[in-house]
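K.L.:
Under the working numbering, the final residue of the sequence shown carries the number 209; numbering is consecutive throughout.
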Amino acid sequence: NLFFTIGVTINLGVICFFGLFLLNKSAARKVVDWGFKLLGKIRILKNPDKYVKRKETELESFIGGSKLFLSDRWVIVKASFYQILNLLFLYAIPWFMLISMEGTREYFIEIITSQAVLREITAYIPSPGAAGGAEGISYFFFRNFFVSSPIVSVILIWRIFTYYLHIVFGGVCLVFIKSKDRKNTGEILGNSKAA
15 NLFFTIGVTI NLGVICFFGL FLLNKSAARK VVDWGFKLLG KIRILKNPDK
65 YVKRKETELE SFIGGSKLFL SDRWVIVKAS FYQILNLLFL YAIPWFMLIS
115 MEGTREYFIE IITSQAVLRE ITAYIPSPGA AGGAEGISYF FFRNFFVSSP
165 IVSVILIWRI FTYYLHIVFG GVCLVFIKSK DRKNTGEILG NSKAA
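Structural data, given as structure tokens:
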């Protein structure tokens, strides 16, 4: 319970910090400057002055993006709706597996919640260990719901649908996009030579 509360507090703090950037740019700039000074004082950042230009460039880029983002509120509503729908379907995969493997329709809210917590936990595991970390941690979550099914099979099927299938599908899409870009580039070059 304590770790969950700490995690929620940290995440809400980050969201509020980004909200500060969207609403009050001068206050956000002061917070970033204070953060850089603090990192310099505790010697995490060796030379904070060296990063001033890059920091300003990134801040201006973020401010420009936030203006564009806030210019069309309907896009924000639609993007939020689709993201919530996407996460709901992603988090519900173990529930559908529970129906097919265990024959029960219980624990919908519990599974959605455990998937959200599992995703938060794996987000903080460094990349080289994230692949194995998700499978290892999911064992502790899934064993509470899947009583008669082999947990290793459940984890494998869940991971295929929530991770590996995305990589394969993304790779296939990337190949098609790259080939389309090459075709368009060739047409543009052909037209410029003809002119």
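C-beta: ideal position from N, C-alpha, C; glycine also.
Note that the coordinates shown come from a computational prediction; the quantities given were computed from them, not determined experimentally.
#1: Counting only runs of 4+ residues fully inside the region 160-199, write out the alpha helix (DSSP H) ranges in chain order.
#2: Looking at S193: is its Cβ nearer than 8 Å to the Cβ of W172?
#3: Which runs of the alpha helix (DSSP H), 4 residues or longer, sit entirely within the region 73-103?
#4: Just how far apart, CA to CA, sit F159 and F18?
#5: Would you report the Cα separation of Y177 and T23, rounded to the nearest angstrom?
#6: How is K60 classed by DSSP in three states: helix, strand or coil?
#7: Just verifying my parser: in three-state terms, what is the DSSP assignment at N158?
#8: Contact check, A130 vs Y105 under 8 Å by CB: the rounded distance?
#9: Any contact of the region 61-71 with the region 30-39, i.e. 3+ C-beta pairs under 8 Å?
#10: Count the other CB atoms within 10 Å of the CB of P164; is the residue buried (16 or more) or exposed (fewer)?
#11: Could you give the DSSP three-state label for E70: helix, strand or coil?
#12: By Cβ distance, which residues of its chain are closer than 8 Å to E116, with the 5 residues on each side in sequence left out?
#13: Return yes when the C-beta of L53 is under 7 Å from any heavy atom of the ligand GTP, and no when it is not.
#14: To the nearest angstrom, how far is the alpha carbon of I20 from that of I135?
#15: Mind checking whether F110 and S128 have CB atoms under 8 Å apart?
#16: Are P62 and L53 touching if we call contact CB-CB under 8 Å?
#17: Does the beta-carbon of L188 have 16 or more other beta-carbons within 10 angstroms, so that it is buried, or is it exposed?
#18: What separation, rounded to the nearest whole angstrom, lies between the Cα atoms of L26 and R133?
P.N.:
This is what the structure holds:
#1: 165-173
#2: no
#3: none
#4: 20 Å
#5: 27 Å
#6: coil
#7: coil
#8: 6 Å
#9: no
#10: exposed
#11: helix
#12: F159, F160, V161, S162 and S163
#13: Among the components modelled here there is no ligand, and therefore nothing to report on the ligand GTP.
#14: 12 Å
#15: no
#16: yes
#17: exposed
#18: 16 Å
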